[in-house]
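When we follow my numbering, the leftmost residue of the sequence shown carries the number -2, and every step to the right adds one.
Beta carbons are placed, not taken as given, at the ideal position from N, Cα and C, and that holds for glycine.
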Amino acid sequence: MADKEVYDDAVEERVINEEYKIWKKNTPFLYDLVMTHALEWPSLTVQWLPDVNRPEGKDYVVHRLVLGTHTSDEQNHLVIASVQIPNDDAQFDASHYDSEKGDPSGECSPDLRLRGHQKEGYGLSWNPNLSGNLLSASDDHTICLWDISAVPKEGKIVDAKTIFTGHTAVVEDVSWHLLHESLFGSVADDQKLMIWDTRSNNTAKPSHSVDAHTAEVNCLSFNPYSEFILATGSADKTVALWDLRNLKLKLHSFESHKDEIFQVQWSPHNETILASSGTDRRLNVWDLSKIGEEQSAEDAEDGPPELLFIHGGHTAKISDFSWNPNEPWVICSVSEDNIMQVWQMAENIYNDEEPDTPASELEGQAS
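Structure below.
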């Protein structure tokens, strides 16, 4: 039995390496930008910071990223990375780019410690409309709401203002609505999507609860342009599209992933664009406006019409990704094998132009 497992692992590794070689060969045709960087430790999370620096006399702009660390025995820490993204008209020359590595900046002393959960958790969400209001999701089946503008108790500790207890299993993710300051959503291993209203006095019962998927629900994202639309991603390998006005009916199910989905995020620049990633080492970009379009049999083999792009640059599970808020179509993704990639698909893909390179010249990219 053990021999078979070793053999299967070896076969899978060979397939992954072969797929990666094909992907690498095709990158000039599929991308306008690809940067790959090996981190010292794998990061379970990544987020672009909102600031942009435009150095005088340089043909690039500097963006910043926050990364986490998942160390073996050392203290986990946060990393702030600078990314130099070339201007559209820049000529590529590596010598023009600074490659200084920052030094660890000593001790970090937290301003506040937020108390309320009994176990660890992953989901966090700042309220974009109510300063200082933070939600967190936990393995203890609860959601905590903190107001960090409250006066801390002894030792910089702030207790949860409200604890929501509607889920019956691990709460995987939580997210504030982007337009309504009192609404938020949560998803959990009980396969449910719940919508909450902080104005309600009942913290044990959400305003809406729906059986969203046939397996654990790992992530959710509200559309930044349409106040009623949200998406959820699940261990059932699908992304579901929902309308808050009628949660009894799933609007659409996006199907192409081969394994669990752990992250889903709407583009900050395009109302119909959504991305998802997970255990299958793929980051899929979807376009809602293409749902239901006619396809040739050949195209259908590659996926449904709404599947705009598959990023195949990772050779391990993708832990997280983040859309750049300032540069349209630029994404940073991180995987469990320490790899961080900053990339932008080729413009002809999202603009529906005919590619410069005929499909016959592209090597077949295994999904």
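- Residue 110 is bridged by DSSP to 154.
- Counting along the chain, residue 119 sits inside no alpha helix (DSSP H), nor does DSSP assign it H or E at all.
- DSSP places residue 48 in no alpha helix (DSSP H) but in the uninterrupted beta strand (DSSP E) bounded by 43 to 50.
- Between residue 180 and residue 193, the CB-CB gap stays under 9 Å.
- Pairing residue 24 with residue 31, the inter-Cα distance amounts to about 8 Å.
- Within the same chain, Cβ atoms closer than 7 Å to the Cβ of residue 48 are found at 61, the five residues on either side in sequence being excluded.
- Residue ranges of uninterrupted beta strand (DSSP E) with 3 or more members, entirely inside the stretch 6 to 86 and ordered along the chain, are 28 to 35, 43 to 50, 57 to 64, 76 to 83.
- In the three-state scheme derived from DSSP, where H, G and I count as helix and E and B as strand, residue 291 is classed as coil.
- Put simply, of 291, 306, 118 the residue whose alpha carbon is nearest the alpha carbon of residue 282 is 306.
- Shown here, residue 298 sits in a helix according to DSSP, grouped into three states.
- Contact annotation, residue 316 with residue 42: C-beta distance approximately 7 Å; criterion of less than 8 Å satisfied.
- Between the stretch 321 to 335 and the stretch 283 to 293, the count of C-beta pairs closer than 8 Å stays below three; the two stretches do not touch.
- Note on geometry: alpha-carbon atoms of residue 229 and residue 210 lie some 9 Å from one another.
- Under DSSP, the beta-bridge partners assigned to residue 338 are 33, 330.
- With a 10 Å radius around the Cβ and a threshold of 16 neighbouring Cβ atoms, residue 39 comes out buried.
- One alpha carbon belongs to residue 278, the other to residue 333, and they sit about 10 Å apart.
- When DSSP assignments are scanned along the stretch 193 to 264, the uninterrupted stretches of beta strand (DSSP E) that are 3 or more residues long and fall wholly within it turn out to be 205 to 208, 214 to 219, 226 to 231, 235 to 240, 249 to 252, 258 to 263.
- Beta-bridge analysis with DSSP links residue 189 to 208.
- Taking 8 Å as the upper bound for CB-CB distance, residue 215 and residue 161 are not in contact here, some 18 Å apart.
- In this structure, residue 321 sits away from residue 143, with a CB-CB distance that is not shorter than 9 Å.
- The beta carbon of residue 126 sits closer than 6 Å to the beta carbons of 178 from its chain, once the five residues preceding and following it are set aside; these are given in chain order.
- Nearest in C-alpha terms to residue 276, of all of 238, 254, 299, is 254.
- Here residue 274 carries a strand assignment [DSSP, helix/strand/coil].
- When DSSP states are grouped into helix, strand and coil, residue 345 belongs to the helix group.
- Collapsing the DSSP output to three states places residue 167 in coil.
- In the DSSP assignment, residue 133 falls within the beta strand (DSSP E) that extends over 130 to 134.
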